[in-house]
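Novice: My questions will all concern the structure given below.
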Amino acid sequence: MPAPAPADRTYAFQLPEALTRGAIVVDIRTQAQRQDEGTLPGALAIEPTVLAQRVDPNGNVRLALAVSHDVEWILVSSEGDSSTRAAVSLRQRGLHRVTAVVGGYQAIKAAGMVGSLVATAHCAREVATVTAH
Numbered sequence: 394m395p396a397p398a399p400a401d402r403t404y405a406f407q408l409p410e411a412l413t414r415g416a417i418v419v420d421i422r423t424q425a426q427r428q429d430e431g432t433l434p435g436a437l438a439i440e441p442t443v444l445a446q447r448v449d450p451n452g453n454v455r456l457a458l459a460v461s462h463d464v465e466w467i468l469v470s471s472e473g474d475s476s477t478r479a480a481v482s483l484r485q486r487g488l489h490r491v492t493a494v495v496g497g498y499q500a501i502k503a504a505g506m507v508g509s510l511v512a513t514a515h516c517a518r519e520v521a522t523v524t525a526h
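Going by our numbering, the first residue of the sequence shown is number 394, and it counts up by one from there.
Structure follows, in structure tokens:
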């Protein structure tokens, strides 16, 4: 039985709890937006044009983290609009646990939480992998 779907939206203050559950935060802003607004350390940066291919477990170029339709993905765009649309689209594809951060990166920044994602499990694995080589 699939895990229950989270609410359609996630607020910045809910990120620590979501990360504890194992949620994966994906920054879908363009490279230009990340350069202009600032990066979101700990989030995976995936351009919106390839997002579905990367997070769908049936995608040809899926991420290793995309192991099932029940992975919890939290999308972040600049102000939340693009990520909300992307979350709806991914849920229509069968990814049951996709949400968007209300207010996007701007809300995370305003809450002083930009650096709060770096302790995520997927970051720890990536650091271990890189340092092992």
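We put the CB at the ideal spot given by N, CA and C, even for glycine. Just so we're clear, the structure is a prediction, and the values are computed from it rather than from any experiment.
My understanding is that Thr403 touches Thr492, with C-beta atoms under 8 Å, so please give their C-beta distance in whole angstroms.
Specialist: 5 Å
Novice: Leaving aside the five residues before and after Val448 along the sequence, list all residues of the same chain whose C-beta is less than 6 Å from its C-beta, in chain order.
Specialist: Ala459 and Trp466
Novice: Kindly list the residues whose CB is nearer than 6 Å to the CB of Gly452, restricted to its own chain and excluding five residues on each side of it in sequence; keep chain order.
Specialist: Result list for Gly452: Gln446, in chain order.
Novice: Could you tell me which uninterrupted beta strand (DSSP E) segments, each at least 3 residues in length, are contained entirely in the stretch 417 to 479, listed from first to last along the chain?
Specialist: 417 to 420 and 466 to 469
Novice: Mapping the DSSP letters down to three states, classify Ala493 as helix, strand or coil.
Specialist: Under the three-state reduction of DSSP, Ala493 is assigned to strand.
Novice: Would Leu444 and Ile417 be called neighbours here (beta carbons separated by less than 9 Å)?
Specialist: no
Novice: Let me confirm a value: Arg490 is counted as buried when at least 16 other C-beta atoms fall within 10 Å, else exposed. Which label applies?
Specialist: buried
Novice: Where does Ala479 land, buried or exposed, given buried means 16+ other C-beta within 10 angstroms?
Specialist: buried
Novice: With DSSP as the reference, identify every bridge partner of Thr403, one or two as the case may be.
Specialist: Val494
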